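Visitor: Chain order of the listed sequences is A and B. Residue 700 is where the first sequence starts when you use the numbering used here, and the numbers rise one by one after that. Residue 25 is where the second sequence starts when you use the numbering used here, and the numbers rise one by one after that. Glycine included, C-beta positions come from ideal geometry on N, C-alpha and C. Please read all numbers here as calculations on a predicted model, not as lab measurements. Would you mind keeping the following structure in view while I ask a few things?
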Amino acid sequence: MMRRLSDIYCIFRIHLARLRAESGPFLLAAIVFPLGMYFFANGVVRQDPNEFIPNYIKVHFVAASLVFSLSLTAISWFGYLLLENRFTGRLKLFAVLPVASSSYILGVMVFALGQGVVGSFSLLIAARLLGVDFTVNSFQSIFLLLIVVLLAIFSLAGLSVVLAHRVRSFAAGSLMTDALGGGLVLLAPIYYPAETLPVAFRWISKALPTTYVFQAINKILSGDLVIGTELTVLCGMAAVTLFIGFWQLSWREA
Amino acid sequence: MTMLENKPGIALHGGGIFKRYADGTEAVRGIDLGVERGEAISILGPNGAGKTTFLRMLTTELKPTAGLVNIFGIDAIADPKKAKTKIGVTPQEAGVFETLRTREHLELFGRLKGLAKSEAVAQSERILDDLGLSENAKKRVGDLSGGQRRRLLIGLALIGEPPLLILDEPTTGLDPVSRRQVWDLLKKIVAGGTTLIFSTHYMEEAEQLSDRIALIDAGKIVALGTLPELQSRFPLRYRLKFTGDAVVRNTKTLFFEKFEEVQTFIEEAAPVEYQISTSSLEDVYFSIVGEELSSNGNGDGRLGK
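In C-alpha cells:
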C-alpha cells in the first residue's frame with residue numbers, strides 16, 4: 700500500500716514539474732479565459748453598459764466560468780499533457796517500470812485535481828474581488844465544493860485519459876481535447892437557459908458532466924447545499940470514465 | 025518448463041518467441057535465446073528485422089503471440105510486474121520529462137523502482153557522475169543536448185541497479201566520446217555481474233561490449249556466437265581495399281580466403297594503393313544477412329576470391 704502511494708506521489712511530482720515550468724498556459728486556461736467568459740456573459744446580458752445586473756445572475760456566470768475553467772484544465776490542458784506522454788514516448792518510461800498502470804492514472808488524476816482546486820479557488824477569489832457576492836462561508840459549503848470539483852475532475856479528466864489512449868495520432872488527439880474542452884461547456888446549458896436549446900440538444904446536455912457540475916456549483920454558490928442528485932449523477936459519470944480509463948490503459952500491448 | 029529455465033546461471037530464457045501483429049505481419053518468428061548471468065549479448069540486424077519487437081517482448085511491453093520469456097526464474101508473460109523488478113530498460117524511442125531537473129528525473133524514477141529516498145539520491149549522484157552529467161544535474165532536462173538526454177535515458181535504466189539491462193540502441197545519437205564513456209560504464213557494470221542485452225547498428229559497439237552476438241534477420245536469429253565463432257563462419261578471411269587498377273580508378277574492396285590469393289591479385293592488378301586486413305564483424309554481418317557490401321560506400325559490393 701505504501702509502495703503504491705509512493706508511486707502515485709512520484710507520478711504526481713513528475714507532472715507537477717510541468718505546472719511549475721509552464722504556469723502561463725495553466726493560468727490562461729484556469730483563470731484568464733474563464734474570467735473572459737464571465738465578462739463576455741455579463742456583457743451579452745446587458746442591454747446597455749450601465750444596466751444593473753442582479754447578483755444572482757453574476758453568481759450564475761461565476762459558476763458557469765468555474766465549469767469552463769475545470770473543463771479547459773481537465774480536458775484541453777491535461778488531455779494535451781497525456782497525449783504528449785503517449786506520443787513522445789514518455790509513457791514508455793513508466794511501462795517498463797514495476798509500476799501499476801492504475802498508479803499512473805491515479806498519479807495524473809491527483810495532479811489534475813490539484814490543478815482544478817487551485818484554478819477554482821483562484822477564480823472564486825477573483826470573482827469576490829470583482830464584487831460578486833456568493834455564499835461559500837461554511838465548512839460544509841467548502842467541503843461540498845471540493846467534492847464537486849473532485850467529481851468534476853474525475854469525470855472530465857477521466858475523459859481525457861480515455862481519449863489520450865484511444866486516438867491514433869497526436870494531431871487528432873490534440874484537436875479532440877481542444878474541441879471537447881470548449882464543447883462540453885458550450886453544449887451544456889451553463890451560460891444560457893436549457894429551454895433555448897433544441898430538444899435533441901437538451902437531451903445531449905443531460906448526458907454531459909458539465910451540466911451537473913454547473914448545477915451543483917451554482918447551488919452551492921447560491922447557498923443551497925442540497926445537491927444530492929447532482930452528486931449522484933457525477934459519481935456515476937466519474938465511476939464510468941475512471942473504469943474505462945483503468946480498463947483501457949495497459950502497459951503491455953497485445 | 026524447460027531445463028534451461030531452471031538453470032541457476034540463466035538470467036533470461038526466451039523459448040519459441042513468436043509475434044504476429046493483427047495485420048498478419050510476423051515480426052518475430054520463433055526465437056530461442058538463453059542468456060547467462062553476467063553475460064553481454066548484442067542483437068544486430070537490418071532495419072525491420074525484428075530486433076525491437078523481440079526486445080519489447082523481453083521487457084514485457086509487448087505480449088508474444090507464442091513462446092515463453094523467463095527472467096531470473098520469473099515467468100515474464102504471466103507476471104510482468106514482478107519480472108520488471110529485475111530489468112532496467114532503455115526503450116528505443118522513449119522521451120524524457122523535459123520540465124524536470126536532471127537529478128530530479130533520476131531520483132523520481134529511482135523511487136518508482138522502489139528505492140528509498142536516500143538510496144535514490146545516492147544512486148542518482150553516482151550515475152550522473154558515471155555518465156558525465158554531474159555538471160548538468162540542476163539543469164532542466166529540456167535544456168540538455170540530444171546526446172545528454174540519451175545518456176539520461178541510459179541512467180534511468182541503470183538506477184535501481186537491476187541485474188538485467190535491456191537497451192535498445194542505447195548509444196544512437198551520441199558523439200564518439202560519449203559513446204566510449206557509455207561503453208566503459210557498461211563494461212564496468214557487466215564486470216560487476218549485471219547481464220546485458222542490447223541492440224545496436226554499430227559493429228564496433230557489438231565487438232567492444234558483447235560476449236556473444238546474435239544476428240537477427242526476418243524475425244529469426246540467423247547466427248549466434250562469440251565474435252571468433254561468427255568470424256569462423258565467414259570463409260573469406262582477408263579483406264583487400266585498393267585504389268585503381270587497369271580498368272577502374274576508384275576504391276574497391278574484395279575478400280579472399282587465403283593470403284596467397286591476395287598476393288596473387290596484387291601482383292596481377294598492380295593497384296596504386298592497397299590495404300590488407302582480416303575480415304570484420306561487419307563483413308560477417310553482410311555475408312550472413314545477405315546485404316551488399318558497402319564498405320562505407322567505397323566498395324563495389326562483390327565478394328572476391
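Within 10 Å of its beta-carbon, does Ser-66 of chain B have 16 or more other beta-carbons around it, so buried, or fewer, so exposed?
Guide: Locating residue 66 of chain B in the second sequence gives position 42, counting from the first residue. Classification for Ser-66 of chain B: buried.
Visitor: Is DSSP giving Thr-275 of chain B helix, strand or coil here?
Guide: Locating residue 275 of chain B in the second sequence gives position 251, where the first residue counts as 1. In the structure shown, Thr-275 of chain B sits in a strand (DSSP, three-state: E or B).
Visitor: Can you tell me which of B:Glu-60, B:Pro-194, B:Lys-282, B:Ala-181 puts its alpha carbon nearest to the alpha carbon of Thr-224 of chain B?
Guide: Numbered from its first residue, the second sequence carries residue 224 of chain B at position 200. Selected option, being the one with the closest Cα: B:Pro-194.
Visitor: Skipping 5 residues on each side, what residues in its chain have a beta carbon closer than 8 Å to that of Leu-198 of chain B?
Guide: As a working mapping, residue 198 of chain B is identified with position 174 in the second sequence. Excluding positions up to five away in sequence, the list reads Gly-171, Arg-174, Arg-175, Val-206.
Visitor: Within the stretch 830 to 916 of chain A, note down every full beta strand (DSSP E) run reaching 3 residues or more, in order along the chain.
Guide: none
Visitor: Check the Cβ-Cβ distances between Trp-950 of chain A and every residue of chain B, and say whether any is below 8 Å.
Guide: For this step, residue 950 of chain A is matched to residue 251 along the first sequence. Contact with chain B is found for Trp-950 of chain A, since one of that chain's Cβ atoms lies less than 8 Å from the residue's Cβ.
Visitor: Compare the beta carbon distance of Leu-823 of chain A and Val-807 of chain A with 8 Å and say whether it is the shorter of the two.
Guide: For the purposes of this step, residue 823 of chain A is taken as residue 124 along the first sequence, with counting starting at 1. For the purposes of this step, residue 807 of chain A is taken as residue 108 along the first sequence, with counting starting at 1. Their beta carbons are not under 8 Å apart, which means Leu-823 of chain A does not touch Val-807 of chain A by this criterion.
Visitor: When the cut-off is 8 Å and only beta carbons count, does Cys-709 of chain A lie next to chain B?
Guide: In the first sequence, the residue the question calls residue 709 of chain A occupies position 10. Cβ-Cβ to chain B under 8 Å: yes for Cys-709 of chain A.
Visitor: Using only the alpha-carbon positions, how far apart do Thr-275 of chain B and Glu-253 of chain B sit?
Guide: Locating residue 275 of chain B in the second sequence gives position 251, counting from the first residue. Locating residue 253 of chain B in the second sequence gives position 229, counting from the first residue. Approximately 30 Å between the Cα atoms of the pair.
Visitor: Based on Cα-Cα distance, which residue from A:Ser-705, A:Pro-748, A:Val-939, A:Leu-726 lies nearest to Ser-775 of chain A?
Guide: Here residue 775 of chain A is taken as the residue at index 76 of the first sequence, counted from 1. Answer by Cα proximity: A:Leu-726.
Visitor: For a test of the three-state rule: what should DSSP assign to Leu-188 of chain B, helix, strand or coil?
Guide: Indexing the second sequence from 1 puts residue 188 of chain B at position 164. Shown here, Leu-188 of chain B sits in a strand according to DSSP, grouped into three states.
Visitor: Between the Cα of Leu-180 of chain B and the Cα atoms of B:Asp-47, B:Ser-301, B:Ile-111, B:Arg-203, which residue gives the shortest distance?
Guide: Here residue 180 of chain B is taken as the residue at index 156 of the second sequence, counted from 1. Answer by Cα proximity: B:Ile-111.
Visitor: Measure the C-alpha to C-alpha separation of Gly-328 of chain B and Gln-287 of chain B and round it to an integer number of angstroms.
Guide: Sequence index remark: in the second sequence, residue 328 of chain B carries index 304 (1-based). Sequence index remark: in the second sequence, residue 287 of chain B carries index 263 (1-based). Any reading at Gly-328 of chain B needs caution, since the residue's pLDDT is 37, under 50, leaving its predicted position unreliable; the model's value is listed next. Approximately 13 Å between the Cα atoms of the pair.
Visitor: By how many angstroms is the C-alpha of Ser-921 of chain A removed from the C-alpha of Val-766 of chain A?
Guide: Counting from one through the first sequence, the residue named residue 766 of chain A turns up at place 67. Counting from one through the first sequence, the residue named residue 921 of chain A turns up at place 222. Val-766 of chain A and Ser-921 of chain A: Cα-Cα distance of roughly 15 Å.
Visitor: State the start and end residues of the unbroken beta strand (DSSP E) segment that holds Phe-751 of chain A.
Guide: For the purposes of this step, residue 751 of chain A is identified with residue 52 of the first sequence, where counting begins at 1. Counting along the chain, Phe-751 of chain A falls outside any beta strand (DSSP E), and DSSP gives it neither H nor E.
Visitor: Using a C-beta to C-beta distance shorter than 8 Å, which residues of chain B count as neighbours of Arg-789 of chain A?
Guide: The residue labelled residue 789 of chain A in the question sits at position 90 within the first sequence. In chain order: Ala-118, Gly-119, Val-120, Phe-121.
Visitor: Quick check: what's the CA-CA separation for Thr-109 of chain B versus Glu-131 of chain B?
Guide: Position 85 of the second sequence, counted from the start, is the residue given in the question as residue 109 of chain B. Position 107 of the second sequence, counted from the start, is the residue given in the question as residue 131 of chain B. Cα-Cα distance, rounded: 17 Å.
Visitor: Buried or exposed: where does Arg-80 of chain B fall if 16 or more other Cβ atoms within 10 Å of its Cβ makes it buried?
Guide: Numbered from its first residue, the second sequence carries residue 80 of chain B at position 56. Arg-80 of chain B should be labelled buried.
Visitor: Residues of chain A with CB closer than 7 Å to the CB of Leu-136 of chain B, please, in chain order.
Guide: Taking the first residue of the second sequence as 1, we reach residue 136 of chain B at position 112. What Leu-136 of chain B touches in chain A: Asp-706, Cys-709, Leu-796, Val-798.
Visitor: Span of the alpha helix (DSSP H) holding Glu-285 of chain B?
Guide: Against the second sequence, residue 285 of chain B aligns to sequence position 261. It spans 283 to 293 - the alpha helix (DSSP H) in which Glu-285 of chain B sits, taken as one unbroken run.
Visitor: Note down, one range per segment and in chain order, each beta strand (DSSP E) of at least 3 residues found wholly within the stretch 164 to 216 of chain B.
Guide: 188 to 192
Visitor: Thr-219 of chain B and Arg-236 of chain B look like a contact to me (Cβ under 8 Å); what is the Cβ gap, rounded to whole Å?
Guide: Taking the second sequence and counting its residues from 1, one reaches residue 219 of chain B at position 195. Taking the second sequence and counting its residues from 1, one reaches residue 236 of chain B at position 212. 12 Å between Cβ atoms; not a contact.
Visitor: Which of the residues in the stretch 215 to 247 of chain B, read from start to end, lie with their CB under 7 Å from any CB of chain A?
Guide: none
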